[in-house]
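Residue numbers (our numbering), protein chains in the order written: chain A, 11 to 201; chain B, 53 to 257.
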């Protein structure tokens, strides 16, 4: 008698595709028939395992979840994703360099004196002076000056008041120009 | 002499469809058209692919993790990974087969980090001689639970081969391509999976 069925041949027999020569062995071998019957019974048992059907609302939610997850991806294949991991840290590094360059402006004696001078200037209300201002830059300065009105303190948080911020971020020339503009706005006679 | 030909071929005739059947040739071609459309910048095409295959993917994932929440997460993860890798889909297999592969991989990764399951089943403990009549629903549910636990206890390759072959009706060639092995190895894994199943449920081959 030929050799008994191999495991893969038992599966072929289960599928009904066992070659004729091997089917002949099956006809003669009780052990192989018993094995095939047992495997078939186990398959029948496996069929008892069902997947519980989820709510009908679940299926559309899968599409929504996938769409939301893919919203961050620009295109299939990830062509944009190849440089995205580099862009974020590069932008962050550029921002950090810019912030450091601004913050590292040395506070020499002149800066200290200028900051002190700004602090000593009376914070006169200049809201009325903003009316009819044509120069956008001057209008911005006037608006900034209005912010240092002691009657309306601003919660500027860790930075402190506007004067301290100006001392930290503006160059000496810029601080002097701002001071001049503020003085001119304060000294302008009311219309 | 027993007529071995009377043993039902795979799948068992009359057996209820456990999940979405494998797509026919026409649907497979349509899948490729949708893939092309998605690659050309039409996201709605990929959404149609999700709609078409979400049930089958969910069923694959569920059979590994056995709970709805994890299966839902893995289903989402499968389609997200498919989207990102869509450009590398080489069309050597059907899109559904390729998708199944991703689902199996994410599911196996998930179960590999889970804590070990229950103790190995004692075959003698499984047979409850005091059970009600075979038609009793409670006994049927208990039996189904035992089957689930026995399947869950299978080694990964046997479990994967059994799931894909039994419930998703993938051919042996598709399963072999999906898990990266030979057709003969797939058949052997299925055989040993069923043998282990039989052993755990109180019988022996």
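Ideal placement from N, C-alpha and C gives every residue a C-beta, glycine not left out.
- Listed along chain A are 17, each with a C-beta nearer than 9 Å to that of residue 244 of chain B.
- Under the DSSP assignment, residue 27 of chain A falls outside any alpha helix (DSSP H); it carries neither an H nor an E label.
- Within 10 angstroms of the beta-carbon of residue 66 of chain A lie fewer than 16 other beta-carbons, which makes it exposed.
- Nearest to residue 231 of chain B by alpha-carbon distance, out of B/160, B/248 and B/203, is B/160.
- Residue contact check for residue 81 of chain A against chain B: no CB pair falls below 7 Å.
- The stretch 106–122 of chain B makes contact with the stretch 145–152 of chain B: 3 or more CB pairs, one atom from each, lie closer than 8 Å.
- In this structure residue 156 of chain B touches residue 212 of chain B by the C-beta definition: roughly 6 Å separates them, less than 8 Å.
- A buried status is given to residue 17 of chain A, since no fewer than 16 other beta-carbon atoms sit within 10 Å of its beta-carbon.
- Within the same chain, Cβ atoms closer than 6 Å to the Cβ of residue 12 of chain A are found at 35, the five residues on either side in sequence being excluded.
- Look at residue 78 of chain A: its C-beta is not under 7 Å from any C-beta on chain B.
- Among the CB atoms of chain A, none fall inside 7 Å of the CB of residue 150 of chain B.
- Neighbours of residue 75 of chain A in chain B, taken as residues whose beta carbon is under 7 Å from its own, are 128 in chain order.
- Around residue 19 of chain A, the same chain offers 28 and 32 as residues with beta carbons nearer than 7 Å, after the five sequence neighbours per side are excluded.
- For residue 58 of chain A, the residues of chain B that pass the 8 Å Cβ criterion are 192, 195, 196 and 199, in the order they occur in the chain.
- A residue is called buried once 16 or more other Cβ atoms fall within 10 Å of its Cβ, and residue 50 of chain A is buried on that count.
- Residue 86 of chain B and residue 80 of chain B have their C-alpha atoms some 10 Å from each other.
- A direct Cα-to-Cα measurement between residue 130 of chain B and residue 185 of chain A gives close to 58 Å.
- Not a single C-beta of chain B is nearer than 7 Å to the C-beta of residue 29 of chain A.
- A straight-line Cα-Cα distance of about 31 Å links residue 217 of chain B and residue 80 of chain A.
- Contact between residue 239 of chain B and residue 224 of chain B holds: their C-beta atoms lie close to 6 Å from each other, under 8 Å.
- For residue 64 of chain A, the residues of chain B that pass the 7 Å Cβ criterion are 120, in the order they occur in the chain.
- In the DSSP assignment, residue 70 of chain A falls within the alpha helix (DSSP H) that extends over 68–80.
- Here the C-alpha atom of residue 76 of chain B lies approximately 27 Å from the C-alpha atom of residue 77 of chain A.
- Under the three-state reduction of DSSP output, residue 118 of chain B falls in the coil class, being neither helix nor strand.
- For residue 106 of chain B, the chain A residues whose Cβ falls inside 8 Å of its Cβ are 69, 72 and 73, in order along the chain.
- Spanning the alpha carbons of residue 70 of chain A and residue 90 of chain B requires a straight line of approximately 19 Å.
- Among the residues facing chain A, residue 162 of chain B is not included, as its CB has no counterpart in that chain under 7 Å away.
- Contact holds between the stretch 196–216 of chain B and the stretch 50–63 of chain A, because three or more Cβ pairs, one in each stretch, are under 8 Å apart.
- Going by beta carbons, residue 235 of chain B and residue 245 of chain B fall outside the 7 Å limit.
- Among the CB atoms of chain A, one or more fall inside 7 Å of the CB of residue 131 of chain B.
- Here residue 242 of chain B is not near residue 72 of chain A, since their CB atoms are 7 Å or more apart.
- Taking the C-beta atoms as reference points, residue 250 of chain B is found nearer than 7 Å to residue 48 of chain A.
- It is roughly 11 Å from the alpha-carbon of residue 88 of chain B to the alpha-carbon of residue 101 of chain B.
- Its chain contains 159 and 163 as the residues whose beta carbon lies nearer than 6 Å to that of residue 116 of chain B, once the 5 sequence neighbours on both sides are disregarded; these appear in chain order.
- Inter-residue distance for residue 210 of chain B and residue 45 of chain A is about 18 Å (C-alpha atoms, whole angstroms).
- Taking the Cα of residue 84 of chain B as reference, the smallest distance to any Cα among B/142, B/199 and B/222 is reached at B/142.
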